[in-house]
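Heads up, the thing below is written out as structure tokens.
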Amino acid sequence: MPYYTHLGEIPAKRHVQFRRPDGALYSEEVFGTEGFVGPTSTMYHIHPPTQVSGWKKLYSTKTEYVETDVMRMRHLKSMDRPPMGDPVTGRVVLLGNADVEMSICIPAEPMDYHYKNGAGDELLFVHYGTGTLHTSMGTLAFGPKDYIVVPKGVIYRMEFDPQPDDQPAARFLCFETMNTSHFLPPPRYISKKTSQFLEHAPYCERDLRLPTLPLTWDESGDFEVRIKARDSVHSYIYDYHPLDVVGWDGCYYPYCFNIDDFSPIVGKHHMPPPTHQTFEGHNFVICSFCPRVLDFHPNAIPVPYNHSNLDSDEVLYYVEGNYKARRGIGSGSFSLHPQGIPHGPHPGTVEKSLGATWTDELAVMCDTFRPLHPTAAALEMDDPHYPASWAEWKPGGDESPGTESHDTW
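The sequence shown maps to residues 18 to 426 in the working numbering.
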């Protein structure tokens, strides 16, 4: 996955003559992974993609993590971050390890260049904002609650639609693979015989939005493509528009999937997080907690049980709705629960939840199988009282330290 598709004009066979209207050959590019045995697409350019007229290093992208004295649970309050930079330079890394990095971005300005991440795949989650992703493989219109999967090496420019002057144009998360893995559906969702989504999968091919026309930009000039590789961003100058592909086919391309198209799996008793899994990479998973019917056993407890995930760090980003298990959590909050420390519902929320039949929560989760490290930016957002918020709470009394109630029952 993704499955085979094509867009634009392509010849009947690979690696044969394919000519432009003026008689010159189109320039074929095999665009693939894992040394010619991984997911691959074949693209046909008007100009050779190897022709550049300038190059230089711009800046380092090596993330500096902060060594903390104590391992503890954290609540990162990100909603007050001001807009900054563009959809690439405005990304602020909060947490990461050798497998995945997590950033938040509230862009303040448009991109006046194209970008290629040559180091890893990107998974963008659009909290709010609408726009267009112009890529070397076609156009993707996106909006709120869209996941955008951008495989390593795809050239793109992210353009957001303007908003009123007093509102930021957009807010999105970025998950980036730091190893050689890709964002893919869990293998258990996919048929080994046909590579189709199986009937029990919570989403399928019909839910994926693939690149569309317009595809080709045939223009001359000075065009900058910024390439991320080897812990740096490098500037390359082309004498022609970098999105000059007239056609392509294969199984390696960007696409969108809206979280509202995820069909939650529900049960008689509380379902564990793997039922909400949406994507995975090496040593981490991405899950979608969506509005859904709650557990229907007559004595069910519809909020999560206390649990110690002994092999994973858990990060939740809260998008909207009322997250019943925790007080003080709101839209734009990140919670980090490190491996080995028990966590679960705040005092009082279990009793409050009894009899509930529906939750409107919407959250994105990343579980990692190696410890996550915070950046200085993350610690600036950290609520120091969060670990104490499980202190004993009595109905009708004050909220636990550092929290405000967001329950509506």
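Note that beta-carbon positions come from the ideal geometry of N, C-alpha and C, so glycine has one too.
TODO: Put Leu227 into one of helix, strand or coil per three-state DSSP.
DONE: coil
Open item on the list: Within the continuous alpha helix (DSSP H) that includes Ser370, where are the two ends?
Closed with: That run of the alpha helix (DSSP H) goes 366-370.
- [ ] Give the DSSP-derived three-state secondary structure of Lys30 in the structure shown.
- [x] coil
Task: Of the residues Asn316, Tyr253, Val69, Glu337, the one placed nearest Phe306, counting alpha carbons only - done: Glu337
- [ ] Identify every residue that forms a DSSP beta bridge with Glu45.
- [x] Bridge partners of Glu45 according to DSSP: Tyr61.
Open item on the list: Short of 6 Å in beta carbon distance, which residues of its chain neighbour Pro404, apart from the five on each side in sequence? Order them along the chain.
Closed with: Within the same chain, Pro404 has close Cβ partners Arg89, Met90.
Open item on the list: Is it the case that the segment 217-232 contacts the segment 103-117, given that we only count it when at least three CB pairs across the two stretches are under 8 Å?
Closed with: no
Task: Between the CA atoms of Tyr253 and Lys73 - distance to the nearest angstrom - done: Their Cα atoms are separated by approximately 7 Å.
- [ ] Taking 8 Å as the cut-off, decide whether the C-beta atoms of Pro359 and Ser406 are in contact.
- [x] no
Task: Start-to-end residues for the beta strand (DSSP E) that takes in Ala158 - done: Residues 155-159.
Task: Length at least 3, wholly inside the segment 42-129: the beta strand (DSSP E) runs in chain order - done: 44-49, 57-62, 71-77, 91-94, 108-113, 117-122
TODO: Can you say whether Lys30 is buried or exposed, counting buried as having 16 or more other CB atoms within 10 angstroms of its CB?
DONE: exposed
Task: Buried or exposed by the 16-neighbour rule on C-beta atoms within 10 Å, applied to Glu421 - done: Unreliable positioning characterises Glu421 in this predicted model, as indicated by a pLDDT of 34, which lies under 50. A coordinate reading is not provided.
Open item on the list: At the level of alpha carbons, what is the spacing between Ala408 and Lys369?
Closed with: 17 Å
Task: Beta-carbon spacing of Pro219, Phe279 below 8 Å - done: yes
Open item on the list: Tell me which residue opens and which closes the beta strand (DSSP E) that Met382 is part of.
Closed with: 379-385
Task: Neighbourhood of Asp86 by C-beta, 8 Å cutoff - its chain only, sequence neighbours within 5 removed - done: none
- [ ] Pull up the distance between the alpha-carbon of Pro355 and that of Leu389, whole angstroms please.
- [x] 8 Å
TODO: Pick helix, strand or coil for Thr292, following the three-state DSSP scheme.
DONE: The answer is helix: DSSP assigns Thr292 an H, G or I state.
Task: Proximity to Leu379 [Cα-Cα], best of Pro391, Ile121, Phe142 - done: Per the Cα distances, Phe142.
TODO: Tell me where the beta strand (DSSP E) around Leu396 begins and ends.
DONE: Unbroken run through Leu396 is the alpha helix (DSSP H), 393-398; no beta strand (DSSP E).
Open item on the list: Using a 10 Å radius around the Cβ and a threshold of 16 neighbouring Cβ atoms, would you call Arg247 buried or exposed?
Closed with: exposed
Task: Coil, strand or helix - Ala218 by DSSP - done: coil
Open item on the list: Between the alpha carbons of Cys268 and Val166, how many angstroms are there, rounded?
Closed with: One C-alpha to the other measures close to 13 Å.
Open item on the list: Let me confirm a value: Asn316 is counted as buried when at least 16 other C-beta atoms fall within 10 Å, else exposed. Which label applies?
Closed with: exposed
- [ ] May I ask you to list the residues that DSSP assigns as paired with Ser237?
- [x] Tyr257
- [ ] State the Cα-Cα distance for the pair Glu126 and Tyr270, rounded to the nearest angstrom.
- [x] 26 Å
Task: C-alpha gap between Gly49 and Phe189, whole angstroms - done: When rounded, the distance between both Cα atoms is 27 Å.
TODO: Output the distance between the C-alpha atoms of His293 and Ser120, rounded to the nearest integer angstrom.
DONE: 22 Å
TODO: Could you check what DSSP says for Ser249 in three-state terms: helix, strand or coil?
DONE: DSSP places Ser249 within a strand segment (E or B) once states are collapsed to three.
- [ ] From the DSSP output, in three-state form, read off Asp312 for me.
- [x] coil
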